[in-house]
Amino acid sequence: MDNIVLGLLLMEPLTAYEIRKFIGDNLQSICSDSRGSIQSAINKLLKNNLIYLEEKVENGVNKKRYFINENGKIEFTKWIGKPMVAGKIKNMELSRLFFMGTVPQEKQIELIDGYLSSLKKEKKYLEDILDSIFDSKLTEHLSVQQELDSEEKKYQFFTLKYGLEHNLFDIQFFEKLKEQIIADKKANIKNGED
Numbered sequence: 528m529d530n531i532v533l534g535l536l537l538m539e540p541l542t543a544y545e546i547r548k549f550i551g552d553n554l555q556s557i558c559s560d561s562r563g564s565i566q567s568a569i570n571k572l573l574k575n576n577l578i579y580l581e582e583k584v585e586n587g588v589n590k591k592r593y594f595i596n597e598n599g600k601i602e603f604t605k606w607i608g609k610p611m612v613a614g615k616i617k618n619m620e621l622s623r624l625f626f627m628g629t630v631p632q633e634k635q636i637e638l639i640d641g642y643l644s645s646l647k648k649e650k651k652y653l654e655d656i657l658d659s660i661f662d663s664k665l666t667e668h669l670s671v672q673q674e675l676d677s678e679e680k681k682y683q684f685f686t687l688k689y690g691l692e693h694n695l696f697d698i699q700f701f702e703k704l705k706e707q708i709i710a711d712k713k714a715n716i717k718n719g720e721d
């Protein structure tokens, strides 16, 4: 979470609320948008002198806006300069798949249907983001390609594309798995095992 906050502050100074909103709106597949984890990261970054805050009253409300400092930029550059590690990408939900053989086939189908429903909602969410990028650029009479020429925007787009393609793979995988469970169940019934 620390590096995500640093990266967001590198793009622009933000309040804790704005950080949380951005993560909730754009990075759901990457990290949690819980207040606790964000505030913990902010406190750690402040303590380690990687960010600083400015307090300002806006419309009668005291706002704390966080800024990345040179130390934070150096720390972020070190982190982003290292290659991604495949084994670091964890999905604890896969443990449910690992242990799914411990429940009856009817329950397996029910669980997979529930997960497929969740995956399809996420797919719609990602497609809506993708559509909004293209729709907003068209209404502004700007070329999407020009917008994506910015290195930052290009890689944000690639992350969205990765998320969507990963989601589509998961949907296909779990639909095939469901078909296999149904076929196994029919075979078991035919063989008198159920």
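Following the numbering used here, the residues of the sequence shown are numbered contiguously, the last one being 721.
For each residue, glycine too, the CB sits at the ideal point set by N, CA and C.
With distances taken Cα to Cα, identify the nearest neighbour of residue i among the options.
{"i": "Ile740", "options": "Asn575, Lys681, Phe700 and Ile569", "result": "Any question about residue 740 goes unanswered here, given that the chain covers just 528 to 721."}
{"i": "Met528", "options": "Tyr579, Ile660 and Lys571", "result": "Lys571"}
{"i": "Lys617", "options": "Lys688, Leu687, Ser677 and Cys558", "result": "Cys558"}
{"i": "Tyr652", "options": "Lys615, Gln555, Gln632 and Glu539", "result": "Gln555"}
{"i": "Ser659", "options": "Ala710, Asn553 and Tyr642", "result": "Asn553"}
{"i": "Thr542", "options": "Asn575, Glu582 and Asp711", "result": "Glu582"}
{"i": "Tyr689", "options": "Asn575, Glu654, Ile708 and Asp711", "result": "Glu654"}
State the Cα-Cα distance for the pair residue i and residue j, rounded to the nearest angstrom.
{"i": "Val630", "j": "Ile636", "result": "10 angstroms"}
{"i": "Ile729", "j": "Glu679", "result": "The question about residue 729 has no answer here: the residues shown for the chain are numbered 528 through 721."}
{"i": "Lys705", "j": "Asn596", "result": "51 angstroms"}
{"i": "Glu702", "j": "Ile550", "result": "29 angstroms"}
{"i": "Gly534", "j": "Gly719", "result": "59 angstroms"}
{"i": "Leu774", "j": "Gln683", "result": "Shown here, the chain extends from 528 to 721; a query on residue 774 therefore has no answer."}
{"i": "Ser547", "j": "Lys713", "result": "The question names Ser, but residue 547 is Arg in the sequence shown. Going from the Cα of Arg547 to the Cα of Lys713 covers about 48 angstroms."}
{"i": "Phe625", "j": "Gly608", "result": "34 angstroms"}
{"i": "Leu621", "j": "Val584", "result": "46 angstroms"}
{"i": "Thr604", "j": "Phe594", "result": "16 angstroms"}
Using three-state DSSP, classify residue i as helix, strand or coil.
{"i": "Leu580", "result": "strand"}
{"i": "Phe594", "result": "strand"}
{"i": "Glu585", "result": "strand"}
{"i": "Leu541", "result": "strand"}
{"i": "Phe603", "result": "helix"}
{"i": "Gly719", "result": "coil"}
{"i": "Asp560", "result": "coil"}
{"i": "Gly608", "result": "coil"}
{"i": "Ile616", "result": "coil"}
{"i": "Val532", "result": "helix"}
Just to check my reading of the structure: residue i and residue j have Cβ atoms closer than 8 angstroms, yes? What is that Cβ distance to the nearest angstrom?
{"i": "Ile716", "j": "Leu646", "result": "Incorrect: roughly 28 angstroms between the Cβ atoms, too far for contact."}
{"i": "Arg562", "j": "Leu580", "result": "Not really, about 16 angstroms apart at Cβ, beyond 8 angstroms."}
{"i": "Ile565", "j": "Val532", "result": "7 angstroms"}
{"i": "Lys590", "j": "Leu537", "result": "So it is not a contact: roughly 20 angstroms between Cβ atoms."}
{"i": "Leu687", "j": "Lys650", "result": "About 12 angstroms; that fails the 8 angstroms criterion."}
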